[in-house]
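Data block below; observations after.
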DNA sequence: ACGCTAACCGAATGTTCGGTCGGTACACAA
DNA sequence: TTGTGTACCGACCGAACATTCGGTTAGCGT
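Chains as they are written, first to last, in our numbering: chain A, 10 to 240; chain B, 10 to 240.
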């Protein structure tokens, strides 16, 4: 007896790589990209370590062993995902305004574009930001991510030296607040909500850069000298 | 042959509950709290799902089976940890200035105190913020956390209605930016660094509340509006 | 000296994990 | 018709998992 044509438990039926001639029994075949997309969604729901290959198989509507026809294993899925996220983030640093522009403007550009990348590659970046370093794959990704953070911190320091950041706040702290806020988007931002990315990017950069730009006596305690942030 | 008195692999020797009379072979016994402290540290390093009881045992300098003398199992450790974090956070909401104070002032208080709680209970809050909902314990904790977020959002809406938040930014977005930034502290703040908690709390509240309070010329150019200061 | 209990251990339990293997079904080309 | 490649499957494997069990050891009250 042939395989049951509808053992599906999942919600596909209109998927990307439909075999040109109606394949087998209306079941669109997976390629690495469409499989990765589903896998990353499950990783983000249950956590990478909390997800079993059986969980993936169920969501894909495949058997466990079929996954290994498309990818070498669980860790390759992780590698593909975080590489995609990191490549997108580094592209932001390398594009941008010319290096002779003011650091303040360049920093603002990096923040805004990072918000856009986060929104566009949300599942992949989410997975990246939740790594623990339990395998070599994870440690290499974390190392690349630290490199990114470091280059942003450099930019913040240069912006502070220009006077673009109020001098009662340490530039290291400034860059951590900046990218802490940006990265925290993965915890709540959903592209299907009714908050468009440009609005989000406008509001976030406005709030943070205005708050960071000028000396303020806006609180119960007037600004006191700021401590240093370590790496 | 008795148990090897020093099979330890860990870094204890000066621990909390030292048996009054020098116990056994210089080995301080664990109680639930000191064991929990170590366990939560390991959970945060490797992730809850990525941590095996063997990992815990190694760090504790105990055998796997000994852990079950102190707690019912892995999940109870998680429960103890997240309950501690949630209790500390809700205490912030329930203490605070009297309910007849302006919402803006109360919101500012909640943000500042939350920073302090995050710093004081850092490992426990970190574990809480990284849950996925894979077990009933996790789902209940996430529900309590949503309740917290909801009460903060209410406060932000009231603050906006008072005019404490610039009206070109949705109060829901404001509360997400606020607590996104606060929660992102777990990703980088380390109490053993040289950034004191009061300085951190001052800087964070100053940047965010100044950025949120004044109407901005939120264009593409670096912010340079002259603003009035509220509060 | 005795029994009690807290604190611990090594060995084993059943289960779940990521991954392998030998196949089948089918489209398509020769 | 036969052969080839893609997509898939059920059955299985060894390792790792959380947990249990039957102990042993040492201090304390009596």
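Note that beta-carbon positions come from the ideal geometry of N, C-alpha and C, so glycine has one too.
8 Å CB neighbourhood of residue i in its chain, flanking five on each side removed
i	result
residue 157(B)	95, 98, 99 and 102
residue 222(A)	173, 174 and 175
residue 148(A)	142
residue 50(A)	68 and 132
residue 160(B)	102
residue 191(A)	120, 123, 124, 127 and 213
residue 66(A)	72, 73, 75 and 76
Terminal residues of the alpha helix (DSSP H) in which residue i lies
i	result
residue 78(A)	73–79
residue 111(A)	Premise fails: residue 111(A) is in no alpha helix (DSSP H) and is neither H nor E.
residue 103(A)	83–103
residue 155(B)	145–171
residue 190(A)	180–192
residue 53(B)	41–55
residue 207(A)	206–222
residue 66(B)	62–69
residue 37(A)	Where residue 37(A) is concerned, there is no enclosing alpha helix (DSSP H), given that its DSSP letter is neither H nor E.
residue 133(A)	131–138
Proximal residues of chain B, C-beta to C-beta of residue i below 8 Å
i	result
residue 5(A)	The shown model of chain A, from 10 to 240, leaves out residue 5(A), and the question about it has no answer.
residue 190(A)	186, 189, 190 and 193
residue 156(A)	The contacting residues do not exist; residue 156(A) stays about 15 Å from chain B at best.
Test item: CB-CB of residue i and residue j under 9 Å
i	j	result
residue 127(B)	residue 134(B)	yes
residue 165(B)	residue 144(B)	no
residue 137(A)	residue 150(A)	yes
residue 215(A)	residue 220(B)	yes
residue 187(A)	residue 116(A)	yes
residue 181(B)	residue 168(B)	no
residue 38(B)	residue 121(B)	no
residue 204(B)	residue 217(A)	no
residue 193(A)	residue 189(B)	yes
residue 47(B)	residue 124(B)	no
residue 63(B)	residue 73(B)	yes
residue 112(B)	residue 45(B)	no
residue 58(A)	residue 109(B)	no
Chain-ordered neighbours of residue i on chain A, where CB pairs are closer than 8 Å
i	result
residue 220(B)	215, 216, 217, 218, 219, 220 and 221
residue 182(B)	204, 209 and 212
residue 130(B)	Simply none; closest approach about 18 Å.
residue 85(B)	Those do not exist, as residue 85(B) stays about 18 Å from chain A at its closest Cβ, beyond 8 Å.
residue 46(B)	In chain order: nothing, as chain A lies at least about 19 Å away.
7 Å Cβ shell around residue i - same chain, five flanking residues per side excluded
i	result
residue 195(A)	127, 131, 134, 135 and 138
residue 9(A)	With chain A running from 10 to 240 in the structure shown, residue 9(A) is simply not present.
residue 93(B)	130 and 133
residue 88(A)	146
residue 153(A)	95
residue 114(A)	106
residue 200(B)	128 and 131
residue 208(A)	none
Neighbourhood of residue i by C-beta, 6 Å cutoff - its chain only, sequence neighbours within 5 removed
i	result
residue 80(A)	86
residue 78(B)	none
residue 60(B)	51 and 52
residue 54(B)	none
Closer than 9 Å at the beta carbon, the chain B residues around residue i
i	result
residue 178(A)	212, 215 and 216
residue 104(A)	By Cβ distance, chain B contributes nothing, its closest Cβ being about 16 Å from residue 104(A), past 9 Å.
Cross-chain neighbours of residue i in chain A, by beta carbon under 9 Å
i	result
residue 63(B)	Correct list: empty, because the minimum Cβ distance to chain A is about 14 Å.
Residues that residue i contacts on chain A, provided the C-beta gap is smaller than 7 Å
i	result
residue 171(B)	Chain A residues near residue 171(B): none, gap ~16 Å exceeds 7 Å.
Near the ligand HEM: residue i beta-carbon under 8 Å from a heavy atom
i	result
residue 167(A)	As for the ligand HEM, it is missing from this structure, which has no ligand bound.
Beta-carbon neighbours of residue i, restricted to chain B and to distances below 7 Å
i	result
residue 145(A)	Those do not exist, as residue 145(A) stays about 14 Å from chain B at its closest Cβ, beyond 7 Å.
residue 125(A)	The contacting residues do not exist; residue 125(A) stays about 14 Å from chain B at best.
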